[in-house]
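Take 35 as the starting number for the sequence shown in the numbering used here and just add one per residue.
Structure first, commentary second.
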Amino acid sequence: MNAIAPIAASPSAAASPVLKERGQREVFCGLTGIIWLHRKMQDAFFLVVGSRTCAHLLQSAAGVMIFAEPRFATAIMEERDLAGLADANVELDRIVDQLLARRPEIKTLFLVGSCPSEVIKLDLSKAAQRLGAKHYPNVRILNYSGSGIETTFTEGEDACLASLVPIMPALDNAAPANLIIVGSLPDIVEDQFRRLFTELGISNVASLPERTVADLPGIGPNTVYLLAQPFLGDTGRALEARGATRLDALFPFGVEGTTNWLHAAATAFDVDDAHFDAVLHPYQERATTALAHQRARLSGRSIFFMPDSQLEVPLARFLANELGMRLIEVGTPYLHRQHLAQELAALPTGVMLSEGQDVDRQLDRVRAARPDLTVCGLGLANPLEAEGLSTKWAIELVFSPIHGFDQAGDLAELFARPLRRRDILRV
Ligand code: SF4
């Protein structure tokens, strides 16, 4: 098998007009990211500075994952704090001191901003500096915003990772080239990618975030990075400001995306094409077999993506190109044209793309098209199901291991399952 060449830009797909919508949104805020980030970064703690609503969101999103000592909590800033900002700062310092005294294993503490007006008035970056100086060198204290005013669903991860970039150790010109995989991946997927890079002969590989935040990778002019997630615009900008170069590629979903993503790294590290093909061949074969299974079920079925996670464009490309699904509309909260350039070029011709949301108008389009499957947020899924439409929760796609060759079949299964359920109900 030949190495997969970078996909040529097809002017039709890349230049498709994008419907821009600005209206009511139905998306979770960036606090949601804490649910997967706290599981990934095992020496970190996320302290949301927020309201009871924020605490409820975290509790219900975390659901059964709450155990005795979770690594996140909410410092509730209520009406009484309005009396004076000084009081709120004193209160916050007291909560942080107590927390760090009780949990000495915490090495990085994120103060996470939210939207209540009491919190907006607090300068969390100053609080992080003040508390960081107090607890140095035992704990690093950083801050970012997960507020629903500034962030949707997956942008909380972007803000969190971007806050780590300034403290990554600096590498100079003389340092050997290193590769950073950027984006939080389930450990099992990260391990698979690491193994593949080792087999390819690329050894100087790190992740952002690492499982231990204290082990941040070095960064400098010889650093290249691969985005594992399509929602990391700010993180990418911050890495580039520190001299790193992004390897342009498809995102690693399905055989096509994973091959192209790995090939970008192989090219940067001068891996021989024959070796690349030989290493990847068994993985590609296995994934292709798993997908053939699902293709019979999904081919020709129509799908509509509501804007939610920013995973929509790469997933649509995977579903159309490898499983033969028909894309009715691919909505995304924000279209990062640079990071998605290859993805847009690889979409079938004439796909309807939309950016942002005006939820009522979009629901009208869903009802008119009656797609076989609609990918949407939890709040929209029940009403659509009640109207006889099959849905897939976008949040499930972020929580599940879906990257890479070994997960390609499982990723397809996530879309096949609701259709199967609907087919059974019809029978
Ligand atoms: Fe808290 Fe704002 Fe998110 Fe609501 S939208 S949970 S108030 S951060």
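Positions of the beta carbon are idealized from the N, C-alpha and C atoms, including for glycine.
Using only alpha-carbon positions, find the residue among the options that is nearest to residue i.
i	options	result
L453	E389, E377 and G334	G334
L284	L412, L126, F338 and L345	L345
A275	V289, A402 and T257	T257
V400	A380, L423 and V385	L423
D77	N123, N294 and I140	I140
V146	C63, I236, D225 and A96	C63
A204	Y259, S148, G277 and A326	G277
S151	G182, R280, L65 and S241	G182
A211	T185, G254, G180 and Y170	G254
E447	I362, G288, L378 and A380	G288
G67	V130, G180, C149 and S85	G180
V61	H327, A415 and V153	A415
P220	V239, F433, G443 and T323	F433
A109	G443, G84 and R164	G84
First and last residue of the alpha helix (DSSP H) that includes residue i?
i	result
C63	That residue, C63, is in no alpha helix (DSSP H); it is neither H nor E in DSSP.
Y463	Since the first residue shown for the chain is 35 and the last is 461, residue 463 is missing from the structure and cannot be characterised.
E224	D221 to L234
G270	G267 to A275
S151	S151 to I154
L349	E346 to L357
T301	G288 to A302
R256	Rather than Arg, the amino acid found at residue 256 in this sequence is Asn. Careful: N256 lies outside any alpha helix (DSSP H) and carries neither H nor E.
N212	Unbroken run through N212 is the beta strand (DSSP E), N212 to V216; no alpha helix (DSSP H).
Within the continuous beta strand (DSSP E) that includes residue i, where are the two ends?
i	result
F80	A78 to G84
Q391	L387 to Q391
F339	S336 to F339
T425	T425 to W427
R360	R360 to T366
S181	Taken as a continuous stretch (DSSP letters only), S181 belongs to no beta strand (DSSP E), as it is neither H nor E.
V199	Per DSSP, V199 belongs to no beta strand (DSSP E) and is neither H nor E.
S241	V239 to L242
E55	V52 to R56
A167	Note, A167: premise wrong, no beta strand (DSSP E); alpha helix (DSSP H) at L158 to H169.
L145	T142 to G147
Excluding the 5 residues preceding and the 5 following residue i in the sequence, name in chain order all residues of the same chain whose CB lies nearer than 6 Å to its CB.
i	result
R59	Q391
P382	A354
D192	F265, L266, D268 and T269
R56	G390
R105	H72 and F79
V223	P435, H437 and G438
R174	T142
R331	A450
G252	P203 and L205
By a C-beta neighbour count over all protein chains shown, 10 Å radius and 16 as the cutoff for buried, is residue i buried or exposed?
i	result
G358	exposed
T246	exposed
V98	The predicted position of V98 is uncertain, since its pLDDT is 48 and thus under 50; a value taken from the coordinates is nonetheless stated next. V98 comes out exposed.
D342	buried
K54	exposed
Y317	buried
T188	buried
K160	exposed
I214	buried
E421	exposed
N177	buried
Taking 6 Å as the cut-off, is the CB of residue i close to at least one heavy atom of the ligand COA?
i	result
L156	Of the ligands this structure carries, namely the ligand SF4, none is the ligand COA.
So is residue i in contact with chain D if we call contact Cβ pairs under 7 Å?
i	result
P316	Absent from the structure is chain D; it holds one protein chain and no more.
What residues in its chain sit with their C-beta under 7 Å from that of residue i, if we drop five residues either side in the sequence?
i	result
P243	K74, M75, L195, L198 and S218
Between which residues of its own chain and residue i is the CB-CB distance below 8 Å, once the five residues before and five after are set aside?
i	result
I236	L213, A299, A300, F303 and V305
E233	V313
L91	F62, C63, L65 and T66
T425	L407, T408, V409, C410, L414, A415, L418, E419 and P452
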